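A.B. asks: Just so we're aligned, residue 1278 is where the sequence shown starts under the working numbering, counting upward by one. Glycine included, every Cβ here is placed at the ideal spot set by N, Cα and C. Note that this is a predicted model, so its numbers are computed, not measured.
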Amino acid sequence: MNAPLLDPSADLLARCGGQKFQTILADPPWQFQNRTGKMAPEHKRLSRYRTMTLPEIMALPVAQVADEPAHLYLWVPNALLPEGLQVMAAWGFAYKSNLVWHKIRKDGGPDGRGVGFYFRNTTELLLFGVRGKNARTLAPGRRQVNILKTMKREHSRKPDEQYPLIEACSPGPRLELFARGSRPGWTTWGDQSDDYFPTWATYANHSQTGTTSGFLEPANVELPLFPPLFPPLFP
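1) Can you pull the DSSP bridge partners for G1386?
2) Rounded C-beta distance between F1455 and G1406? I'm assuming under 8 Å.
3) With S1286 as the anchor, note down where its alpha helix (DSSP H) starts and where it stops.
4) Cα separation between P1338 and L1302?
5) Taking all protein chains shown into account, do 16 or more other C-beta atoms lie within 10 angstroms of the C-beta of Y1395, making it buried, or fewer, making it exposed?
6) Straight-line CA distance for R1327 to S1374?
7) What does DSSP give as the partner residues of K1380 in its beta bridges?
8) Could you tell me whether the Cβ atoms of L1404 and V1353 are closer together than 8 Å?
9) Excluding the 5 residues flanking K1410 on each side, which residues of the same chain have their C-beta closer than 8 Å to its C-beta?
10) Would you tell me roughly how many angstroms separate the C-alpha atoms of R1419 and A1445, rounded to the nearest one?
11) So what does R1327 bridge to, in DSSP terms?
12) Just to confirm, are T1300 and G1449 a CB contact at a threshold of 8 Å?
13) Taking the beta strand (DSSP E) that G1361 belongs to, which residues open and close that run?
14) Apart from the five residues on each side of it in sequence, which residues of its chain come closer than 6 Å, Cβ to Cβ, to R1292?
15) Just verifying my parser: in three-state terms, what is the DSSP assignment at V1407?
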């Protein structure tokens, strides 16, 4: 018999324990559908991953755990940009800018293995929004270019370079939603958020040059490498 489904909103609030966060990172398990309302053909291979509907994502009580001022970093596929903006607004944030993840091969060229109806996607967007007054990025953020060039790995896994960038540009306390691994200094919410603690040296093996060139790197940072698959979010 299957275990009863958890209520994600209640689970998130319980995880946060009344704490408010000035920086929130989220990588929702978006659903891809075509104009008929069915799963897009090129995304059928992703059906083994648990997803959430747009109303389910919008209903998460992120505004209740966000401080003021606060920053939101929200991952969204190119095809779902309008939905990403809806989620940002529902969570109480105003869109301000974005970071572009350019997926590259070992030789530095674009990784053309992405999918898309109209173009072969080699990029993904990390939307940036704010709430409250005086919500500018920290001083390093004003020198940070808004592009990350890294190699693509398992399905849906985002670049580890995001962590030192966000830590340099946005204040704590920090919360990651739909996390795949634990990270010192962060509160994490997600099925795999307590599972894995790899090292910076391991991360460096997957970067373009083995260094963090192209973004700001705090000293003595350890970045997590997450397990290859995202299991059901709420078993």
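C.D. replies: Taking the structure as given:
1) Along the sequence shown, read from residue 1 onward, the residue named residue 1386 stands at position 109. For G1386, which the question treats as bridged, DSSP gives no partner whatsoever.
2) Stepping through the sequence shown from its first residue, residue 1455 is reached at position 178. Stepping through the sequence shown from its first residue, residue 1406 is reached at position 129. Contact flag wrong, Cβ pair sits at about 17 Å.
3) The sequence position of residue 1286 within the sequence shown is 9, counting from 1. Looking at the DSSP string, the run of the alpha helix (DSSP H) that includes S1286 is 1285-1293.
4) The residue given as residue 1338 occupies position 61 in the sequence shown. The residue given as residue 1302 occupies position 25 in the sequence shown. Their backbone Cα atoms lie some 14 Å apart in a straight line.
5) Start at 1 with the first residue of the sequence shown, and residue 1395 comes out as number 118. So Y1395 ends up on the exposed side.
6) Here residue 1327 is taken as the residue at index 50 of the sequence shown, counted from 1. Here residue 1374 is taken as the residue at index 97 of the sequence shown, counted from 1. Cα-Cα distance, rounded: 29 Å.
7) Looking up residue 1380 in the sequence shown gives position 103. DSSP, once it has assigned bridges, lists T1427 as partnering K1380.
8) Your numbering for residue 1404 matches position 127 in the sequence shown. Your numbering for residue 1353 matches position 76 in the sequence shown. The answer is yes: Cβ separation under 8 Å.
9) Taking the first residue of the sequence shown as 1, we reach residue 1410 at position 133. Once the five neighbours on either side are set aside, the close Cβ partners of K1410 are E1345, P1346.
10) Translated into positions along the sequence shown, residue 1419 becomes position 142. Translated into positions along the sequence shown, residue 1445 becomes position 168. Their Cα atoms are separated by approximately 10 Å.
11) Mapped onto the sequence shown, residue 1327 falls at position 50. The partner list for R1327 (beta bridge, DSSP) is empty, contrary to what the question assumes.
12) If you number the sequence shown from 1, residue 1300 lands on position 23. If you number the sequence shown from 1, residue 1449 lands on position 172. Yes. Within cutoff.
13) Here the question's residue 1361 lines up with position 84 in the sequence shown. First-last for G1361: 1358-1367, but that is the alpha helix (DSSP H), not the beta strand (DSSP E).
14) As a working note, residue 1292 is residue 15 in the sequence shown. These residues qualify, in order along the chain: W1466.
15) Taking the first residue of the sequence shown as 1, we reach residue 1407 at position 130. If DSSP states are grouped into helix, strand and coil, V1407 belongs with the strands.
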